[in-house]
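In this note's numbering, the protein residues as written are 5 to 73.
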């Protein structure tokens with residue numbers, strides 16, 4: 005067995021806007037980004053700078069459920 009380096013392709017880095025720049029043009033990938041099944045927690049600030057906690061449950065069947073405090 006011999007060790008060998010294989011080039012598969014380029015992976016573009018995303019910036020803070022969720023886009024990447026290719027040849028000077030902003031690009032965004034939509035159909036290749038999927039959330040996995042599970043529970044996601046998120047902290048947001050509303051317009052009065054009050055913390056709002058949100059939980060999202062994504063199952064393999066049925067609807068996506070969001071819980072907000």
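All C-beta atoms in this analysis are idealised placements derived from N, C-alpha and C, irrespective of residue type, glycine included. Nothing here was measured: the structure is a model prediction, and the numbers come from that model.
Residues bridged to residue 25 [DSSP beta-bridge criterion]
DSSP, once it has assigned bridges, lists 30 as partnering residue 25.
Are residue 68 and residue 58 close, meaning C-beta to C-beta below 8 Å?
Not a contact, by the Cβ cut-off of 8 Å.
Same chain only: Cβ atoms within 7 Å of residue 24, ignoring 5 sequence neighbours per side
Taken in chain order, the residues that qualify are 16, 17, 18, 31.
Just to confirm before moving on: does the CB-CB distance between residue 50 and residue 56 stay below 8 Å?
A distance below 8 Å separates the beta carbons of residue 50 and residue 56.
In angstroms with no decimal places, state the Cα-to-Cα distance between residue 45 and residue 39.
The straight-line gap separating the alpha-carbon atoms of residue 45 and residue 39 is approximately 13 Å.
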